[in-house]
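Right, one structure below, let's go through it.
There are 2 protein chains.
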Amino acid sequence: MHKALDGVRILDLTRVLAGPFCTMVLADLGAEVIKVEIPGIGDDSRSAGPFIKGESSYFMSLNRGKKSLTLNLRHQEGKAILKGLVNRADVLIENFRPGTMDKLELDYSVLVAENPRLIYAAISGFGQSGPYREKPAYDFIIQGMGGVMGLTAHPGGPPTRVAVAIGDITAGLFAAIGILSALRERDVSGRGQMIDVAMLDCQVSLLENPLARYFATQEVPVPIGNTHPTLNPTGAYPTKDRYLIIGIGNDSLWKTFCQVVDRKQWLEDERFTTNAKRTENSAHLGELLADLFRTRNTADWVELLENAGIPCGPINTVDEVANDPHVDFRKMIVSIEHAIAGEVKMAGVPIKMSRTPGAVDTPPPILGEHTNEILQNLLGYQRNKIKALREKEII
Amino acid sequence: MHKALDGVRILDLTRVLAGPFCTMVLADLGAEVIKVEIPGIGDDSRSAGPFIKGESSYFMSLNRGKKSLTLNLRHQEGKAILKGLVNRADVLIENFRPGTMDKLELDYSVLVAENPRLIYAAISGFGQSGPYREKPAYDFIIQGMGGVMGLTAHPGGPPTRVAVAIGDITAGLFAAIGILSALRERDVSGRGQMIDVAMLDCQVSLLENPLARYFATQEVPVPIGNTHPTLNPTGAYPTKDRYLIIGIGNDSLWKTFCQVVDRKQWLEDERFTTNAKRTENSAHLGELLADLFRTRNTADWVELLENAGIPCGPINTVDEVANDPHVDFRKMIVSIEHAIAGEVKMAGVPIKMSRTPGAVDTPPPILGEHTNEILQNLLGYQRNKIKALREKEII
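If you read the sequences in order, they're chains V and D. Straight run, no breaks: the first sequence in our numbering ends on number 395. Straight run, no breaks: the second sequence in our numbering ends on number 1395.
Take a look at the structure:
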């Protein structure tokens, strides 16, 4: 079936997360992604457990729909093969520490000479320039330096790492936007360019309300846990069995809420008649709500409040997300047959396009699975030439 | 200066965050974004404090580089104007609750009849289909239902909302990728399509490691706070004045670390000689590290460890992020002159393109600032016609 990014060829030198997430999103929408991996080793994430029949579940979840080509970029013949592929590609993407591609003599200035139409995207922790350029980066260091970790906390409590790697993932998403924008521009100008995406830069972009607040008032935002600064009552409350999230953003919802939970006396209470008063008296209101919500299970509260149109929901565990009927309806869990691991489940495609829908059509590749195919079809190599390259461990 | 998305015209009916974030990213890269707002009221975020001379800092931080057109979509003449603009636009984006555009008789099926090339993007909490379709959604409800909030916690502690609205923001980023992919496909096929992005779907995509782990083992992932499941020592530790994050991912870094912090005895300690052993004895190692790190300030540790190549960093507050020399070097804080608010600071452009760089060139619009210009230039309306529309409060 026809997909939106059919015909876009991406040489993908990335490892682990930010880069592979970016190219996964593009592969889902139809781009041909050729994953270039170190012979015999491959993407670091191939060695990350847990494993299914020896195959990394983590690697598989990030690399469906891609092709794997093994290539030793330290070897002269390896470099030559990469340049040959660059000549036949639209995009090259890497997430090495800045300077690595220069050392390999495969940096943008070299590759653009091969193919002036090449779009070269580099994702790194701190970017290709600036004082921290060469600092090693991990997601949790970026989360800490970028401000989100310090704010993600309960008042007075320790900072908390966001449990998914938003430092990596958002950088991957911004990079995908940059690549698609550059492709569009190239259709007009005929020329490629370099895209430099830094995880830390992306974290600054994510700071939305806290950053705006700081610039407006010069006051440093502090953690507010699960509460809302201006809407009350809004937040997460313990119930008899777990937690309930509610969001009551205006006085009309408050009235409905008090009636539905059979606390009409709160409607008369002068401390709670407006959102401003409820915010002022939020500590006391919070205690009353905590007492109320502890009397029933979350599912009962959700049913009751949902029927009344009160924004609410549970705090789900991963298994509950994976087995949620709505998530199922939306096809957000898909499975794909892998030659070794068998049926593997993973997240589906969140960009739902009506006419050219994305899809998870081919399984994550075995290391080097497409090496022969790519060298033969794209570069016209003969079998004996490929055999010789393999013997020299160049592929 | 030439930008990558020059020539792309977007009709933006979105409010508050997911949609405005999406169109901000596209406007930064050159798209012409016409923000369609309710006459006299505008985007809800215009009423969100704190204010700078009466202008919402939050609204301004999300809407730089856009034009504002006021339009009453409930009025027949308002609908006609929107259809006129749809004929001259590439993209329409909205983030109403599903069903709202149908009620306005401005849903995709109506608008595509006006312009078959139209790309129509809808962002919503739960998507345009499925059992939760009409459920009201806020970022924190999506974070709760999508799994990230339950995992973002210290072991045994309460779940924690991620302090920035990653539910909204990541949906905005995925939507931008969908829009750009659909534009590319349209260049080939000549036809637009509908893009349906649900915040909850995007949260499933974000679950990366926890979801892969669950499918591989059927064990439900539990919060691990600021530690790492398999790399030790990795995490955040209190120092004399605040916190320090370190990431020691292999035995070679461990050796360097012990030497640099003058704890050579740890190198001899049988409990710590390999990453596997350090993970096994992480509780005891954590205590030793806590005692060590409490002896100095974070800045001193960062300097010491950084010079030795140990991945590390502080946990920054928002003011520290905003004033960081690297963030400054990367131009990730920019300022723009606003007619009323004066000089306003905000996050810069995280997608750094070498030949057609994005930029924050024009300030966030005053409500209806571009109404006359757009009606005259795009629809050819005369002054007296515009005056009559204004008197009828249609614009």
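Glycine residues also receive a C-beta, built at the ideal position from the N, C-alpha and C atoms. What you are looking at is a predicted structure, and each value in this text was computed from that prediction instead of being measured.
Close partners of M145/V in chain D (Cβ separation under 7 Å): G1313, P1314, N1316. Secondary structure note for V1197/D: its beta strand (DSSP E) is the uninterrupted segment 1194-1198.
Around the Cβ of N275/V, a 10 Å sphere holds 16 or more other Cβ atoms; the residue is buried. When the Cα atoms are used, L367/V and G84/V turn out to be separated by approximately 21 Å. In the three-state scheme derived from DSSP, where H, G and I count as helix and E and B as strand, R213/V is classed as helix.
Burial of N1316/D is indicated by the presence of at least 16 other C-beta atoms within 10 angstroms of its C-beta. The alpha-carbon separation between A163/V and P1223/D amounts to approximately 8 Å. Looking at the backbone, the Cα of H1002/D and that of D196/V are separated by about 18 Å. By the C-beta density criterion, R1161/D is buried, having at least 16 other C-beta atoms within 10 angstroms.
Within the stretch 58-91 of chain V, Y58, F59, M60, S61, L62 place their CB atoms closer than 9 Å to a CB of chain D, listed in sequence order.
Taking a C-beta distance under 8 Å as the contact criterion, Y1237/D and L1289/D qualify as a contact pair. Looking at the backbone, the Cα of N63/V and that of S1124/D are separated by about 27 Å.
With contacts defined by Cβ atoms closer than 8 Å, A27/V and A171/V do not form a contacting pair. Listed as beta-bridge partners of K1067/D by DSSP are I1034/D. Taking E1094/D as reference, the option from N1087/D, G1127/D, E1391/D with the minimal CA-CA separation is G1127/D. Within chain D, the C-beta atoms nearer than 7 Å to that of Y132/V come from H1326, in chain order.
The Cβ atoms of M194/V and S1335/D do not sit closer than 8 Å to each other. Listed in chain order, the alpha helix (DSSP H) runs fully inside the stretch 98-174 of chain V are 100-103, 108-114, 139-145, 148-151, counting runs of at least 4 residues. A Cβ-Cβ separation of about 6 Å places G1348/D in contact with I1333/D under the 8 Å criterion. Separation of M149/V and Q143/V (C-alpha to C-alpha, rounded to the nearest whole angstrom) is 5 Å. Taking a contact as a CB-CB distance under 8 Å, the pair P131/V and G192/V does not count as one, their CB atoms being some 28 Å apart.
Within the same chain, Cβ atoms closer than 8 Å to the Cβ of V220/V are found at Y214, the five residues on either side in sequence being excluded. Under the three-state reduction of DSSP output, D1090/D falls in the coil class, being neither helix nor strand.
At a C-beta separation below 8 Å, E1306/D has these neighbours in chain V: K135.
Looking only at T239/V, T100/V, R184/V, the smallest Cα-Cα distance to E134/V is reached by T100/V. Among the bridge pairs identified by DSSP, F51/V is matched with S56/V. Contact between E1077/D and A1341/D does not hold, since their C-beta atoms are separated by about 32 Å, which reaches or exceeds 8 Å. Here H1326/D carries a helix assignment [DSSP, helix/strand/coil].
Contact of E1032/D with chain V is not assigned, every C-beta pair being separated by 8 Å or more. Following the DSSP letters along the chain, one finds H338/V inside the beta strand (DSSP E) bounded by residues 333-338. For T298/V, the uninterrupted alpha helix (DSSP H) segment begins and ends at 298-307. Beyond the five residues adjoining it in sequence on each side, L1375/D comes within less than 6 Å, by CB distance, of Y1381, I1386 in the same chain, given in chain order. Listed along chain V, the residues sitting closer than 7 Å to E1185/D by beta-carbon distance are A4, T356.
Chain V has a Cβ within less than 8 Å of the Cβ of F1329/D. Here the C-alpha atom of K35/V lies approximately 12 Å from the C-alpha atom of C22/V.
Within chain V, the residues placing a beta-carbon under 9 Å from that of R1213/D are G49, P50, S57, Y58, V318, ordered along the chain.
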